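Input: a single structure, listed below in structure tokens.
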Amino acid sequence: MVSLKWVVMISCLFAATSALAEDPPIVGIDGHTVTFRATKWTMPGVNSATAWFTANGKTFPLFSADVGADGHPDWLSPDKKTLLLDPVVFGMLSDENQEEKLVSQQHCDVISMETGCVLAERSPRFCLGKWVGNQWFSEDGEVLTPILETESPKEWLKYISTIKAAQSRADSIESSLTFLSPESYMACHPPAQNVQAYNDLGFYLAEGGRDELALKFYRGVEAVGKRTVLMLNMADSLWRLDRQEEAQRYYREYRDAMSADGKAQKIPQRVIERTAHQGMKN
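Residues -21 to -1, 1 to 261 (mature numbering (1 follows the signal peptide of the UniProt record, and there is no 0)) make up the sequence shown, in order.
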């Protein structure tokens, strides 16, 4: 039987023109930039960079940590609002004889230079083409007028919530973010309009043991405003990640908010224990 073992190895298939750290950033509308950071991968011969978006003093990765990307100035639209990039994930294919060979998964993604949102995803060959006005014409005859195609968190949750097992729910969410970073996803669908949906996604991830990823969505909701349940969820994830000092701060904020609302009797016992004794664990 053949099995696919994804490893933390990333690169670009367009090696001859791969974007490296010394390349200048691609500058879009209002001075927003996409830069490429050289990264050391453990796989011999892999040489790639990760792509980062910067706007209004904030910088975040466009893709997951294990994804490399390639980009070129001529993939930027004339109005500087849209950029094409080709993210790539490499893995090792192992057969029944334990012999391995390198395989890859590659996309052509459409990036909003206004927000850092990954608007849409296409096949790798879609990046071969040219801009005609602000429409992209691929060599295969496909035409792109850049619009948001990335599914909303509310629609996403309709499917996720049908999965019964906690581990399977978390696995499904994580696999859907194989390429896309949570920050870029939230740039497409701002937390201010999706508070409950992002809190639910974070909870499902944490319930399935993906606390680091859960915190990405919790942080997005936290930036909109403090919420009592959110503080408890964040504290629990931080505690499980052995970040007790930070977790205790959120437990105390949760405890104080519950007490102020006259709900002290509903505070879980673990909150009382973890705020009463420095460094205490379950």
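Don't be surprised by glycine CBs; every beta carbon is placed ideally from N, CA and C. Source: prediction; values computed, not measured.
Straight-line spacing of the CA atoms in residue 90 and residue 205 works out to 30 Å. Along the stretch 26 to 56, the beta strand (DSSP E) occurs as fully enclosed runs of 3 or more residues at 27 to 34, 37 to 40, 47 to 49, listed in sequence order. No residue range can be given for residue 104, since it is assigned to no beta strand (DSSP E) and is classified by DSSP as neither H nor E.
With a threshold of 16 other beta carbon atoms within 10 Å, residue 171 falls short and is exposed. A straight-line Cα-Cα distance of about 16 Å links residue 248 and residue 207.
With contact defined as three or more Cβ pairs closer than 8 Å, the stretch 144 to 164 and the stretch 112 to 119 are not in contact. Pairing residue 245 with residue 238, the inter-Cα distance amounts to about 9 Å. Between residue 163 and residue 97, the C-beta gap is smaller than 9 Å, which places the two residues in contact. The closest CA to that of residue 54, considering only 41, 111, 45, is found on 111.
A residue is called buried once 16 or more other Cβ atoms fall within 10 Å of its Cβ, and residue 66 is buried on that count. In its chain, beyond the 5 residues on either side, 7, 8, 92 have a beta carbon closer than 7 Å to the beta carbon of residue 59. Around the beta carbon of residue 250, a 10 Å sphere encloses 16 or more other beta carbons of the protein chains shown; the residue is thus reported as buried.
Judged by DSSP in its simplified three-state form, residue 126 adopts coil rather than helix or strand. By the criterion of at least three beta-carbon pairs nearer than 8 Å, the stretch 183 to 193 is in contact with the stretch 142 to 150. Here residue 85 is buried: its Cβ has 16 or more other Cβ atoms, across all protein chains shown, within 10 Å.
A check of alpha carbon separations from residue 220 across 191, 234, 241 identifies 191 as the nearest. In this structure, the beta-carbon distance from residue 28 to residue 15 falls below 9 Å.
Shortest Cα-Cα distance from residue 214 to any of 233, 49, 202, 196 involves 233. In this structure residue 5 is in contact with residue 52, their Cβ atoms being roughly 6 Å apart against a cut-off of 8 Å. Considering only 209, 57, 176, the residue with the shortest C-alpha distance to residue 124 is 57. Just so you know, the alpha carbons of residue 140 and residue 175 end up roughly 13 Å apart. According to the DSSP assignment, residue 199 belongs to no beta strand (DSSP E) but to the alpha helix (DSSP H) extending over 190 to 201. Pairing residue 103 with residue 177 gives a Cβ-Cβ distance that is not under 9 Å. For residue 158, there is no enclosing alpha helix (DSSP H), as DSSP marks it with neither H nor E.
Per DSSP, the unbroken alpha helix (DSSP H) holding residue 139 starts and ends at 132 to 139.
Under a 10 Å Cβ-count criterion, residue 108 is classified as buried, with 16 or more other Cβ atoms of the shown protein chains found around its own Cβ.
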